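Chains as they are written, first to last, in my numbering: chain S, 7 to 124; chain U, 4 to 362.
Cβ coordinates follow ideal geometry from the N, Cα and C atoms, glycine included.
Since we're looking at a predicted model, the values are computed, not measured.
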């Protein structure tokens, strides 16, 4: 579930206005995600080919100013995010969110902890 | 004679530890309504489940502690329970449901539905308010096990669950009649599960058990995404192959962060009805060994016993039909071990919600 020293268990989740999502993790680290970054990191079947893993979304087409219109908790393991461009099919597991922290702290995390339930 | 005060009583009671929640009964808020009249002390201990396995132990220790206070002559303790709610957001009609517990297995034929029905009835026999949702679209068998079939009634736009043996239940089998199969693609199964959670008049329940189909499919995903489960129980048989496959269900639960409340080994051994010899037909102890390795509670072993099958077919789970029999006692004990695990999970689980703040 949690690999390495980083926690992927959120303590607090905040939607700060329409531009940013903030997650405070159990290990005390705070990740601040612009919604445009989350949109580019979407792994739903519309954005990433389910079988080959090839990206189907061109991240360059996502404006930096893209707004987040809603965030809700999915069960106990993930977030669902809806965006200003109408996209809302992505489920972001906490593991995935920690890995894509914009500060880069999650990059060294092994992909073995990758959740396939999305 | 010294006058006994409420702080004296609470101090004495704070020496009594709940072995499962690992805290004393005063700081857990179990002690209520302390009354003192000269040498007579009366209070209430409100536990987190009516099926508490350590109820008698706590009562005895509490009584001894208070009795040790100078001047106390009589101690009277009222044992009650109030099942605490697992923090979860969800549909309004589930707001009265305190805990949702999934019962899963890696493959079919391990007796998962029989186990689910017996556990539900065992909890009800201990005084809990219990619901049972049969979400097994491939082989909905709860209506047979509970002895009530036929159509369900709809009132105020809500499906009315049926009631048998003190348990409210609803089955996917009610969506098809007689021997008609449910031939559904994913989206239909998804919608049906959602409907069974939100459009059924479950009312106030302490525990809602969900009997899952075998494996890891649409129904499982819908369930873990629609509600925050208090946890899941895995039913396995002792054979290795059963266990390997159970591990897959277990991993899915872990990936979706569902608490694994424990493993139950079904068809664990056979007691000869003539000589009482214990025969381990499929090998033995596989589930216990695996749970030890994975750090998951082992809840118990259920024997292969013809009475379990006979009572199941007759529509009265063995735990009630043959109350007091060895098989029934095994189920009662597993139910209590499970109740303790649910209380622990609820006690530890934090609430996760998204806070909106202006930029």
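- Of all residues in the stretch 73-88 of chain S, the ones placed with a Cβ closer than 7 Å to any Cβ belonging to chain U are 77, 78, 79, 80, 81, 82 and 83, in chain order.
- Just so you know, the alpha carbons of residue 69 of chain S and residue 92 of chain S end up roughly 13 Å apart.
- Close to chain U, meaning a Cβ-Cβ distance shorter than 9 Å, are the following residues of the stretch 18-44 of chain S: 18, 19, 20, 21, 22, 23, 24, 25, 26, 27 and 28.
- Annotated three-state conformation of residue 98 of chain S is strand, per DSSP.
- Taking 8 Å as the cut-off, the Cβ atoms of residue 251 of chain U and residue 201 of chain U do not count as close.
- Residue-level contact by beta carbon fails for residue 344 of chain U and chain S, as no gap is shorter than 8 Å.
- Collapsing the DSSP output to three states places residue 173 of chain U in a strand.
- Among the residues facing chain S, residue 260 of chain U is included, as its CB has a counterpart in that chain under 8 Å away.
- According to DSSP, residue 83 of chain U shares a beta bridge with U:49.
- Residue 98 of chain U counts as exposed, since fewer than 16 other C-beta atoms from the protein chains shown sit within 10 angstroms of its C-beta.
- Counted as a single uninterrupted DSSP element, the alpha helix (DSSP H) harbouring residue 295 of chain U occupies residues 289-297.
- Positions of the beta strand (DSSP E) runs, each at least 3 residues long and wholly inside the stretch 196-255 of chain U, are given as 210-214 and 234-239 in order along the chain.
- Straight across, the Cα-Cα distance linking residue 121 of chain U with residue 303 of chain U is about 14 Å.
- With contacts defined as CB atoms closer than 8 Å, residue 116 of chain U and residue 148 of chain U qualify as a contacting pair.
- In the assembly as shown, residue 94 of chain S is an exposed residue. Its beta-carbon has fewer than 16 other beta-carbons within 10 Å.
- In this structure residue 230 of chain U is buried. Its beta-carbon is surrounded by 16 or more other beta-carbon atoms within 10 angstroms.
- Following the DSSP letters along the chain, one finds residue 83 of chain S in no beta strand (DSSP E), marked with neither H nor E.
- Look at residue 216 of chain U: its C-beta is not under 8 Å from any C-beta on chain S.
- One thing to note: residue 26 of chain S has its Cβ no nearer than 8 Å to the Cβ of residue 16 of chain S.
- Around the beta-carbon of residue 332 of chain U, fewer than 16 other beta-carbon atoms lie within 10 Å, marking it exposed.
- Within the stretch 262-286 of chain U, those residues whose Cβ lies closer than 9 Å to any Cβ of chain S are, in chain order, 262.
- The Cβ of residue 61 of chain S sits no closer than 8 Å to any Cβ of chain U.
- A buried status is given to residue 28 of chain U, since no fewer than 16 other beta-carbon atoms sit within 10 Å of its beta-carbon.
- Assignment of alpha helix (DSSP H) within the stretch 101-154 of chain U, counting only whole runs of 4 or more residues, yields 115-128 and 145-149 in chain order.
- Annotation for residue 23 of chain U: 343 and 347 place their beta carbon closer than 6 Å to its own, counting only its chain and skipping 5 residues before and after.
- Around the beta carbon of residue 158 of chain U, fewer than 16 other beta carbons sit within 10 angstroms, so the residue counts as exposed.
- Nearest to residue 178 of chain U by alpha-carbon distance, out of U:217, U:162 and U:30, is U:162.
- One thing to note: residue 86 of chain S has its Cβ within 8 Å of the Cβ of residue 97 of chain S.
- Taking the CA atoms as reference points, residue 312 of chain U sits about 13 Å from residue 144 of chain U.
- Residue U:345 holds the alpha-carbon nearest to the alpha-carbon of residue 51 of chain U among U:127, U:345 and U:292.
- Taken in chain order, the members of the stretch 97-109 of chain S whose beta-carbon sits within less than 9 Å of a beta-carbon on chain U are 97, 99, 100 and 101.
- Going by DSSP, residue 329 of chain U is part of the alpha helix (DSSP H) stretching over 329-351.
- At a cut-off of 8 Å between beta carbons, residue 16 of chain S contacts chain U.
- In this structure, the alpha-carbon of residue 73 of chain U lies about 27 Å from that of residue 83 of chain U.
- Between residue 99 of chain S and residue 111 of chain U, the alpha-carbon positions lie close to 29 Å from each other.
- Between residue 152 of chain U and residue 126 of chain U, the alpha-carbon positions lie close to 22 Å from each other.
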